[in-house]
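Heads up: the sequence shown begins at 1 in full-length UniProt numbering, then just goes up one per residue.
Ideal Cβ positions, reconstructed from N, Cα and C, are used throughout, including at glycine.
See structure below.
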Amino acid sequence: MAHTLLVAGTASHVGKSTVAAGLCRYLADRGVSVTPFKAQNMSNNARATPGGEVGVSQYVQARAAARAAHDRLARSHDVIVAEGAGSIAEINLHDRDLANVETARFADADILLVADIERGGVFASLVGTLELVPDDIRDQVAGAVITKFRGDRSLLDPGIDEFEDRTGVPVVGVIPYDDPGLPEEDSVALPPVGERSVVGADDGVPDDGSVTVAVPRLPRISNFTDLQPLAREPGVRVAYVPPEAALDDADAVVLPGSKNTVDDLLTLTDAGFDGRLQSFDGPVVGLCGGYQMLGEEITNAAIEGTGDADRVEGLGLLPVTTEFSESKTVEHVRRDLRGVGPLSGASGTVEGYEIHMGDSTLTDEAARPFDGDGAATDSVLGTYLHDLFINDAARDAFVRNTFESAGIHLPAANERADGDPYERAAGLIGDHVDLRPLRLPNQ
């Protein structure tokens, strides 16, 4: 049977996914048969798989299924890297904490505790978490990792020494602040709805040589991982802005996906965003729910919205109507790319996935940016395709056209946009974590 290591956290957004993904790639690169595992998850960033949408599992059904899935993986792999969810110290949930406590129990897993120093109080977080972990799994905590550290590593040594003396748990790694570019999981990574936040401003490109892509911070935003590839481009700032924000300093706008397109559309129109977007003269892209919002109307709106309206007026930038139904499209897709609208000049094929309710129909002449999907005018494009900007051809065209529209010279490429994020995560593990106390093979 496989050895299971549970990567658990003191809180959400502490770096569990980076550590877990880095461990998987690091071990795989050394010939270890390793597989990831997560018993339960809640996230607005869903994916399409051959079996359907990955989303929230119901606890009663998932408990037996999670154990069976783990045991099946254990029969064919040497190591299982299990990722917890949120904090392992949520004492109000311990009787039903499938992702953390139950996984540690049924897998007899060693536990690697991950804590984030960026928010401050890292040692208090670690000690408090260990104090609140159920007694029967406390001895399974094999080590701790501190993430997002900036500065001189030796400055932590006195704190690490006292922590280890108090708890008997070794700190096996201090990982510096270095975002490898893995997809974000939790909306905690985003600003609150009423605040502005900019991602990508640390690339060394001066502000007067950069462009800003405004993304309305929808209350029910989903799949905002679609925007991460843009934020990694030199000179591109992705600004999450409140629905009532002006677009005066924006060079392009991307409307993201939503877990409730109808209600988020009403939020935008109530804030006057429709008028500001209609007078905006830069490139505009709508992804999935954002595509539906850009159309003329949504019918059967009560199927998804919380109100009883059958019809909701769209933002009116694309000649498209969307009709909701109870059925849901969930599939991985590969499409031919036609260089039109904000993607003008692009060609080839793109890959991604669709997760949406409703079907959209063209009401007037408009170009199809992809075979069988989407709509585009000279400056506006909508598509159901998630992961659009992971595709180099689409991303490069959008970035180039945004710089041209803004009248700014496109900066030279740099290392920041290059490199496999999983290899970068593996490098962080190999360079900064001592795996020997974790009893993993080939160490």
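Between the CA atoms of residue 266 and residue 335 - distance to the nearest angstrom
Answer to the nearest angstrom: the Cα atoms are 31 Å apart.
Would you decide whether residue 162 is buried or exposed? Buried here means 16 or more other CB atoms lie within 10 Å of its CB.
Note on residue 162: under 16 other CB atoms within 10 angstroms of its CB, so exposed under the neighbour-count rule.
Looking only at DSSP bridge pairs, what is residue 4 linked to?
The secondary-structure analysis by DSSP pairs residue 4 across a beta bridge with 80.
Whole angstroms is fine: what's the gap from residue 390's alpha carbon to residue 233's?
Each residue's alpha carbon lies about 11 Å from the other.
Could you check what DSSP says for residue 16 in three-state terms: helix, strand or coil?
In the structure shown, residue 16 sits in a helix (DSSP, three-state: H, G or I).
With DSSP as the reference, identify every bridge partner of residue 111, one or two as the case may be.
BP columns for residue 111 point to 6, 141.
What is the rounded straight-line gap between the Cα of residue 345 and the Cα of residue 381?
In a straight line, the C-alpha of residue 345 is about 14 Å away from that of residue 381.
Helix, strand or coil at residue 262 according to DSSP, with G and I counted as helix:
In this structure, residue 262 counts as helix in the three-state DSSP scheme.
When we look at the beta-carbon of residue 177 and count the other beta-carbons within 10 Å, is it buried (16 or more) or exposed?
The residue is exposed, with fewer than 16 neighbouring Cβ atoms inside 10 Å.
Any idea which residues DSSP pairs residue 437 with across the strands?
DSSP output for residue 437 lists no bridge partner at all.
Would you identify the three-state DSSP class for residue 149, choosing helix, strand or coil?
Reduced to three states, the DSSP call for residue 149 is strand.
Cα-Cα separation, residue 446 to residue 370:
The chain is shown only over 1 to 443; residue 446 falls outside these bounds and no answer can be derived.
Indicate whether residue 66 and residue 104 have their beta-carbon atoms separated by less than 9 Å.
Not in contact: residue 66 and residue 104 (Cβ atoms no closer than 9 Å).
By DSSP, does residue 308 sit in helix, in strand, or in coil?
Residue 308: coil per DSSP, three-state reduction.
So the alpha helix (DSSP H) residue 131 belongs to, where does it begin and stop?
Element bounds for residue 131: 122-132.
CA-CA distance, residue 153 and residue 146?
So the alpha carbons of these two residues sit roughly 11 Å apart.
Can you give the Cα-Cα distance for residue 224 and residue 158, rounded to whole angstroms?
When rounded, the separation of the alpha-carbon atoms in residue 224 and residue 158 is 39 Å.
C-beta contact flag for residue 321 and residue 296 at 9 Å
Cβ distance < 9 Å, so residue 321 and residue 296 count as in contact.
Since residue 381 is in the beta strand (DSSP E), which residue starts that stretch and which ends it?
Here the beta strand (DSSP E) through residue 381 covers 380-383.
With 16 other CB atoms within 10 Å as the buried threshold, where does residue 226 fall?
Classification of residue 226: buried, given that the 10 Å Cβ count is 16 or more.
Residue span of the beta strand (DSSP E) that contains residue 214, given as start and end:
Per DSSP, residue 214 is one residue of the beta strand (DSSP E) stretching across 211-216.
What are the boundary residues of the beta strand (DSSP E) that residue 36 is part of?
Unbroken beta strand (DSSP E) run through residue 36: 34-37.
Are residue 11 and residue 116 closer than 9 Å when you measure CB to CB?
In contact: residue 11 and residue 116 (Cβ atoms closer than 9 Å).
Checking 9 Å against the spacing of the C-beta atoms, do residue 17 and residue 83 come in under that value?
Between residue 17 and residue 83, the C-beta gap is smaller than 9 Å, which places the two residues in contact.
With distances taken Cα to Cα, identify the nearest neighbour of residue 247 among 215, 134, 259.
Scanning 215, 134, 259 for the CA closest to the CA of residue 247 turns up 215.
Looking at the structure shown, is residue 370 part of a helix, part of a strand, or coil, going by DSSP?
In the structure shown, residue 370 sits in a strand (DSSP, three-state: E or B).
Name the DSSP beta bridge partners of residue 222, please?
Looking at the DSSP output, residue 222 shares a beta bridge with 257.
For residue 349, count neighbouring C-beta atoms within 10 Å of its own C-beta (all shown protein chains included) and say buried if the count is 16 or more, exposed if not.
Under this definition residue 349 is an exposed residue.
Taking the straight line between their C-alpha atoms, what separation do you get for residue 262 and residue 365?
Our two residues, residue 262 and residue 365, have alpha carbons roughly 25 Å apart in a direct line.
Buried versus exposed call for residue 306 [16 or more other C-beta atoms within 10 Å across all chains shown]:
Flag for residue 306 reads exposed.
What residues match up with residue 285 in a beta bridge as DSSP calls it?
Residue 285 pairs with 254, 381.
Are the C-beta atoms of residue 290 and some chain D residue less than 9 Å apart?
The structure shown has no chain D; it contains just one protein chain.
Whole angstroms are fine: how far does the CA of residue 318 sit from the CA of residue 379?
Their backbone Cα atoms lie some 10 Å apart in a straight line.
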